[in-house]
Structure formats: C-alpha cells, structure tokens
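Structure first, commentary second.
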Amino acid sequence: MSNETSPDSDDSPAPEDVLASANERLDAEEITLADNEEILHAMSELAPVYETDRSYFVLGNYDREPIRRLNLVVDRLNRRADAYAFRMVDVRGEWDNSIQKFCLIADLVTYLVGVAEKEPSDFLVEQGLLVGSEEYFEKSHVLKREYEEERPFGWMQDGVFELFDDEGRLYRWRTEDDLVEAAEALP
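Residue numbering for the sequence shown follows the numbering used here, beginning at 18 and increasing consecutively.
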C-alpha cells in the first residue's frame, strides 16, 4: 500500500493528511481520548480505500426498500476492478457525532455517491454537506430517482440537484435497471 499519488490520478489523501484535516474541522476539546481511539479504529477498517484506485462512499436511505437499492449500487461499484464501495453503516463504531464521522470518511474517499429518493429519511443533511464544501462537491455524484409527480423533492433538494446537473454529475433513474445503468455510468 502506497501513500504516493501519481500526477494523473485522483487518489485519496494519506491517513496523516486526513487526521490533520479532521483536526482543522473539529475543536480539539470536543474529542476525548476514547473518541480518538474509536476514530483510529474506524479508520483502520477503511484500509481498502488505500488499497484500491477508486473508493466510493455511498449515501442514501436506510429504510427497507431503499437500502436494498443502496446495496445494489454498492454491489455494482464493488464489481469494478480495483474499486471499493461502502456505506456509512459499514464503518463500525458508536460515534456521538455523525457529522464528524461523515467528514472523516468523506476526506478519505475518491468519490461521494448519493442515492436520492423522496422518502423522509433520505440523506438530506449529507446533501447539504456535499454542496457546502468545494472539496466534497467536486468529488460528488447524485443518482436521483424520478417520479411521476412534478416536484417530489423540496425546493432545497431541487436546488442541490440543479447544482449537480449543471456539473454533469446528476444521474436520473426510475427503475432498478435504470439505477444499475446510472451506477455503471459513474467514474
């Protein structure tokens, strides 16, 4: 496993860079020794991120039917040679601060992939984080489910989708076959 990056690759930052970034994002007072140990353990579970060319942090709804589709995206991405895809729940640990967990993981990966459905337990907070940081936005892609109704998502989510559409990183789907095609179209 090498921490070097080639000039033409989009490799993830070295673990030291991620920890430095985490320190910048969080007040040192907020992290206890136990929290720090938990973070280090969780980060060690993400070794495949450093062992593959591309990594995908897949976000979405964890309700019964939507998580099946989320898992479908993870499965399709993991079928790629030298790629590793995972969900937030795949990183074990009891984190008091899920925003902290999101940021640490998002700093590590090559791509952030959101699977957007209109269910109320969608990844609305994470969508705000994706567009709230230039570094996250630049490596994010959204797979948006299309519905018969004209505006199934709220105006805030529609604004987020428009940003991704303008950048060519919004993929629309209706059926699971469409979702598979959208996942396969990701870089």
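The C-beta atom is built at its ideal place from N, Cα and C for all residues, glycine as well.
Query, Result
"Under 8 Å between C-beta atoms of Tyr-128 and Pro-204", "yes"
"Coil, strand or helix - Arg-97 by DSSP", "coil"
"DSSP bridge partner residues for Ser-72 (one or two, in chain order)", "Tyr-101"
"8 Å contact criterion, which Leu-76 and Glu-143 should meet: CB distance rounded", "5 Å"
"Helix, strand or coil at Leu-141 according to DSSP, with G and I counted as helix", "helix"
"Inter-residue CB distance, Val-126 and Phe-74 (contact presumed, cutoff 8 Å)", "4 Å"
"Three-pair Cβ contact test at 8 Å for the segment 147 to 167 versus the segment 188 to 199", "yes"
"Presumed contact (8 Å Cβ cut-off) between Val-148 and Phe-154, rounded CB distance", "5 Å"
"When Gln-117, Asp-182, Arg-86, Trp-190 are compared against Met-60, the one with the closest alpha-carbon", "Gln-117"
"DSSP state of Tyr-153 mapped onto helix, strand, coil", "helix"
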